[in-house]
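First to last, the sequence lines map onto chains A, B and C. The opening residue of the first sequence carries number 9 in our numbering; numbering runs sequentially from there. The opening residue of the second sequence carries number 5 in our numbering; numbering runs sequentially from there. The opening residue of the third sequence carries number 25 in our numbering; numbering runs sequentially from there. All C-beta atoms, glycine included, are put in the ideal place defined by N, C-alpha and C.
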Amino acid sequence: MSYLDLTIAEIHRALLEKKVTPLELTKEALERAKANKENAFETICEKEALEFAATLTEPEEDNLLWGIPYVAKDNFSTKGIETTASSNILNGYVPLFDATVIKKLREKKAILIAKTTLDELAMGGSGTTGHKGITYNPYDPEHKHQIGGSSCGSAVCVAAGIVPFALGSDTGDSVRKPASYGGLVGMKPTWGRISRYGLFPFAPSLDHVAYFTRSAEDSAIVLQALAGRDEYDSTSSFKPVEDYSSKLGESLKGKRIAVIQEILDSISNKELLDAFRKSVEAMKAAGACVDYVHFPLDLLKSIYATYIVISSAEATSNNANLDGIKFGPFRGGKTYQEVMFNARTQGFSELIKRRFVIGSFALMSENQQELFIRAQRNRAKIVEATNNILKEYDAILAPASPKTAPVLGSSSSDKLSNEYLIADNFMAIGNFAGLPSVTVPLTFIDGLPIGVNFTSKAFDEAGLFSIIQAYEDITGLKGISTNVRKEAKL
Amino acid sequence: MKQITKEVLHDAANRLLFDMSDEELDTLMEEFKILTQQMETIGHIEGLESYAPMTFPFDCMVDYLREDVAEEPLPREEALKNAGSKMDNQIKLPKVVI
Amino acid sequence: MNFEAIIGLEIHVEMKTKSKMFSASPNSFSRDPNTEVTVLDMAYPGAMPRPNKQAVINAIRVANALHMTIDQDVYFDRKNYFYADLPKGFQITQQFRPIGSHGYLDVLDKEGNTKRIKIERIHMEEDTCKQLHFADYSLLDYNRAGVPLIEIVSEPDIRSGTEAMHYVEAIRNIVVYSQTSDGKMEEGSLRCDVNISLRPYGSNKFGTKVEIKNINSLKNIEQALDYEIQRQSACILSGIPIQQETRRFDEASGKTVLMRVKTDAVDYKYFCEPNIAPIHLSDEFVKNAIDTCPELYDAKKERYLKAGLSDKDAEIILSNIDMAAYFEKAIEGAKSVKTVANFLIVEVNGYLNKQGCPITEFPLQAKDLTEISNMQEDGFTHKQCADIFNYCLENEGTSPADAKAALKIEKQISDDGAVLEFVTAVLDANPQSIEDFKAGKDRAIGFLIGQVMKMAKGKVNPAAVAKVMNIEIRKR
């Protein structure tokens with residue numbers, strides 16, 4: 009075990025006490041990265057990381073991210089470092105600017121050591137569709153299981169103890185789902201809380217910058233560094249940045265939690281349901297009021313389709329700039345259309361093409377009212393129902409996935425079943441309504457982790473962190489990784 | 005609503021400026037079959053007409069507009085650095101016929 | 025048989041803001057390719073649009089001048105299509121919520137009557153790249169990508185090329201005088217597309233529309249439409265159906281020429297732009313934008329007419345905003361607005377035309393022109409003032425006072441008494457001329473006047489001399 013396996017807060021103390029230096033941490037993170045077998049990396053920025061780490065000699069006491077190595081999903085624009093969004097259409101693309109969050113982290117003296125794999129263009133949930141192939145779950149050295157996606161590489165890096173935090177993005181559940189499969193704290197704050205400038209857009213009305221850590225405390229620390237109004241992102245919130253750690257340590261007493269019964273009903277895994285119910289009882293014992301509430305079943309079932317239609321439609325438009333002309337491999341052609349056609353045909357994977365056609369189909373003038381606009385109306389209805397629950401409760405709670413990490417290559421689950429539509433896809437509610445939403449580990453089943461998801465009111469991240477920290481005490485799984493094994497209490 | 009046939013989907017792909025092979029289109033047709041059923045879950049929701057189509061997750065209207073001040077532009081070599089086909093400080097394409 | 029022409033105009037105006045519509049790239053219309061671009065203008069992934077406040081202010085001002093209802097909630101939409109000059113693969117525009125709607129403009133029709141043209145909408149959007157076409161390749165310059173545009177769409181209320189020309193002229197005056205745009209059709213900062221169809225008088229069905237693009241002058245608008253009306257009439261009368269086409273105007277031949285036949289309408293898949301938070305414009309913001317708008321053409325013209333200028337003179341001065349600005353400076357402290365105007369229109373314009381330079385490079389300061397025109401009011405002759413004017417131009421930096429001194433110009437004598445002395449002396453010295461005059465040779469008087477001018481070394485006012493001479497010669 010090394011300092012890298014600790015939480016950010018713990019590493020910070022060690023740095024302050026000069027027990028370890030940023031350069032040492034960086035060197036070790038790079039070694040672990042290079043030794044990693046889960047295919048989590050697009051680019052390892054060894055030279056830049058070592059150079060930067062070497063300049064950090066005087067620890068900053070009040071700066072908790074000082075000298076901490078991290079990784080970023082390869083859909084964050086990093087100046088001078090190739091960024092491909094795991095798609096061949098962007099091979100060789102070297103951005104001219106840093107995403108705002110990358111800039112902020114550098115100002116905080118955190119050290120970027122690598123860009124990580126993702127499902128191509130962030131459009132996927134299995135961690136298998138990036139151009140470098142499958143990214144594996146570090147909890148299964150035999151590589152039979154997914155880590156999920158689309159933020160697969162970033163999830164691996166934190167779950168395997170390579171870095172204590174990693175940037176990802178979450179449009180439907182792309183951080184919160186792999187967090188469940190990887191035993192991580194996967195946090196997606198309120199829409200607009202973190203600037204999206206420099207994040208390659210998938211579906212802007214649903215996209216969020218999100219991130220992985222191994223504890224609630226660390227999650228608050230990272231948000232503190234990333235949150236805030238950015239004039240370069242016109243949708244970023246003007247709301248002042250609070251002290252996100254201020255409510256850590258508060259007990260669950262008086263907290264009101266709503267569990268959606270219909271989500272539980274759609275899950276068949278008995279061990280999961282058992283552990284979940286135990287955690288609910290433990291919360292009650294700690295003073296929380298936990299109610300099983302209802303959410304209209306047909307509305308829950310419609311979440312997935314609503315998500316697919318809206319996200320595919322926006323994605324089709326967002327990726328129309330990828331034409332091999334300004335950047336990305338130039339494939340030539342006899343006309344400008346051919347130039348674009350060749351670049352896009354050769355550069356996009358099959359799966360992405362299918363998504364784009366779906367999106368385009370939904371936006372066609374003959375279909376728009378019935379598909380796209382109707383989905384947008386349904387979004388409003390789902391958001392209303394969700395916010396109605398949150399009027400009476402501090403957070404909504406449910407298992408973050410119906411099962412542990414799926415087996416690779418197994419025939420996909422029945423895409424029309426309630427389990428798929430509801431339990432596997434309900435977290436999109438957090439994107440529709442832009443609400444802060446976080447996955448935390450619950451237990452292990454057959455050696456694989458699985459988590460729960462809390463979603464709270466807009467801009468109530470501080471409240472959310474206090475709830476999940478209390479939950480950490482209940483599960484006993486704070487700080488877990490493949491290097492830090494703990495016994496699940498539940 | 006437009007009927008979903010392989011030709012329609014192929015045409016949609018081409019209008020997005022990429023091609024799809026026959027097998028890829030078969031897969032897509034299968035996907036559409038399931039998608040259509042999934043989209044029926046939206047079709048079953050009643051009373052949607054009384055909801056305005058939602059673009060943003062919540063009311064995010066602002067009263068802020070960017071001041072009209074010019075910033076440093078990209079240095080030309082930087083701007084064109086990633087382009088695969090250039091000439092005379094511009095990006096070069098086959099002749100665009102109007 | 026006569027057909028009624030149903031004409032609608034779509035005008036795109038490039039705004040001369042300091043930065044672009046959605047990016048902070050400089051917007052100085054540089055000719056040096058790809059020197060005014062940012063990551064957003066080239067559609068690099070992750071770049072995001074940020075609407076320009078001045079562009080919104082300009083749009084409000086123009087909408088207000090066109091009597092439009094202003095939508096105080098600003099939303100943008102995406103117009104999705106692929107083209108070489110469209111880096112993002114979509115244009116950010118305002119399809120569903122244009123900033124202005126339901127306006128009008130009153131223009132003169134062919135007969136000189138005032139006619140109201142209704143305006144459907146005005147909205148903000150961004151311009152595309154410039155393309156340079158060569159034999160077998162094209163080059164892209166992204167300087168223009170993202171330049172702020174205002175699009176103004178009229179209802180099809182226009183009925184003739186003349187009306188269309190007046191309409192465009194009026195719009196040009198509004199955008200130029202509000203400091204929104206240079207409005208130069210020949211440079212592309214004001215672009216005009218026309219839609220025209222014909223129908224028999226009395227019919228209320230619409231004929232097939234033809235689009236005419238890239239008309240680059242006011243005169244060409246009138247000519248293009250006159251020709252097109254003729255062409256379409258001839259077709260209809262010969263039973264040739266009008267096709268939905270896009271045509272351009274060929275200046276040399278005075279004809280419209282087919283560019284392409286219109287294929288199926290493109291499906292732009294418009295949807296609300298999710299990367300721009302909608303903006304609410306307060307009543308105060310809108311009022312302030314309107315109140316601080318620079319004085320517009322019509323208001324200036326009214327002022328000039330009140331000050332005594334003729335319609336024609338006012339129009340000449342106002343035809344160039346820099347000239348109007350110069351004029352307004354020059355009339356500060358001027359004793360006669362009309363005199364200043366005359367100098368401007370005749371002497372100054374004459375100089376500018378000869379030198380081929382614009383008034384912004386005119387070497388004489390406005391206040392100097394004021395001084396010179398005031399001299400004329402003080403009794404110096406126009407010729408004397410013109411001489412001073414020319415001297416100042418030839419000797420840059422010389423003040424009018426110094427020029428007057430250098431040329432030894434003195435006020436001409438026009439006092440009748442003094443003039444009488446000269447006249448008497450000349451008559452006394454030229455008895456033959458008196459006889460000639462009495463004999464009916466009128467030219468004799470001219471000779472005698474000339475002699476007076478010679479004797480007085482030009483220092484007498486010729487008009488006064490003539491007056492006195494005519495009286496005195498008859499006494500002899």
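- For A/Pro444, no Cβ of chain B is located within less than 8 Å of the residue's own Cβ.
- Contact annotation for C/Pro73 against chain A: Ser242 [CB-CB distance below 8 Å, chain order].
- Contacts with chain A (Cβ-Cβ distance below 9 Å) from the region 80-101 of chain B involve Glu82, Ala83, Leu84, Lys85, Asn86, Ala87, Gly88, Ser89, Ile95, Leu97, Pro98, Lys99, Val100, Val101, listed in chain order.
- Contact check between the region 152-162 of chain A and the region 127-136 of chain A: three or more CB pairs, one atom from each, fall below 8 Å, which counts as touching.
- Across the set C/Pro57, C/Val450, C/Phe27, C/Glu352, the C-alpha of C/Phe27 shows the shortest separation from the C-alpha of C/Gly226.
- The way I'd put it, the region 467-477 of chain A does touch the region 398-407 of chain A; three or more beta-carbon pairs between them come closer than 8 Å.
- Between B/Glu76 and the set C/Ser360, C/Ala48, C/Asp160, the nearest pair of CA atoms involves C/Ala48.
- For C/Arg85, the closest C-alpha among the options C/Ile433, C/Asp411, C/Asp440, C/Phe309 is that of C/Phe309.
- Under the three-pair Cβ rule at 8 Å, the region 141-157 of chain A does not count as touching the region 254-273 of chain A.
- Listed by position along chain C, the residues whose Cβ is nearer than 7 Å to that of A/Gly206 are Gly70.
- For the pair A/Lys286 and A/Phe452, the Cα-to-Cα distance works out to about 14 Å.
- Across the region 60-82 of chain B, CB contacts with chain A closer than 8 Å involve Phe60, Pro61, Phe62, Cys64, Val66, Tyr68, Arg70, Leu78, Glu82, in sequence order along the chain.
- Annotation for C/Gly124: the continuous beta strand (DSSP E) segment containing it runs 124-132.
- Using a CB distance cut-off of 8 Å, C/Leu431 does not count as an interface residue toward chain B.
- For C/Ile300, the nearest CB of chain A lies under 8 Å from its own CB, placing it at the interface with that chain.
- For C/Leu164, the chain B residues whose Cβ falls inside 7 Å of its Cβ are Gln94, Ile95, Leu97, in order along the chain.
- Per DSSP, reduced to three states, the secondary structure at C/Tyr161 is strand.
- Residues of chain C whose Cβ lies closer than 7 Å to the Cβ of B/Leu21 are, in chain order, Phe106.
- For the pair C/Asp426 and C/Gln400, the Cα-to-Cα distance works out to about 16 Å.
- Listed by position along chain A, the residues whose Cβ is nearer than 7 Å to that of C/Met283 form an empty set, because the closest Cβ is around 18 Å away.
- The same chain holds no residue with a CB closer than 6 Å to that of A/Thr65 once the five nearest residues on each side in sequence are set aside.
- Counting only Cβ-Cβ distances below 9 Å, A/Ala321 has contacts in chain C at Lys293, Phe295, in chain order.
- Exposed is the label assigned to B/Met91, since fewer than 16 other Cβ atoms lie within 10 Å of its Cβ.
- If you look at A/Arg362, you'll find it in the alpha helix (DSSP H) that goes 358-371.
- It is roughly 23 Å from the alpha-carbon of A/Glu358 to the alpha-carbon of C/Phe114.
- The beta carbon of C/Cys409 sits closer than 6 Å to the beta carbons of Ile396, Met399, Gln400 from its chain, once the five residues preceding and following it are set aside; these are given in chain order.
- Interface with chain B (8 Å Cβ-Cβ cutoff): A/Glu50 is excluded.
- The beta carbon of B/Lys6 is closer than 7 Å to those of Val12 in its chain, skipping five residues each way along the sequence.
- Listed in chain order, the non-local C-beta contacts of A/Arg363 below 8 Å within the same chain comprise Met131, Ser320, Ala323, Thr324, local neighbours out to five positions each way being set aside.
- Using a Cβ-Cβ cut-off of 8 Å, C/Phe120 does not count as an interface residue toward chain A, since no Cβ of chain A sits closer than that to its own.
- A direct Cα-Cα distance of roughly 12 Å separates C/Ile141 from C/Ile176.
- Judged by DSSP secondary structure, A/Cys165 falls within the alpha helix (DSSP H) whose first and last residues are 160-167.
- In the three-state scheme derived from DSSP, where H, G and I count as helix and E and B as strand, A/Tyr219 is classed as strand.
- For a cut-off of 8 Å, the C-beta gap from C/Met92 to C/Ile30 is around 22 Å, too long to register as a contact.
- By the rule that beta-carbons nearer than 8 Å mark a contact, A/Tyr219 does not touch chain C.
- At a C-beta separation below 9 Å, C/Met209 has no neighbours in chain A, since its nearest C-beta there lies roughly 28 Å away.
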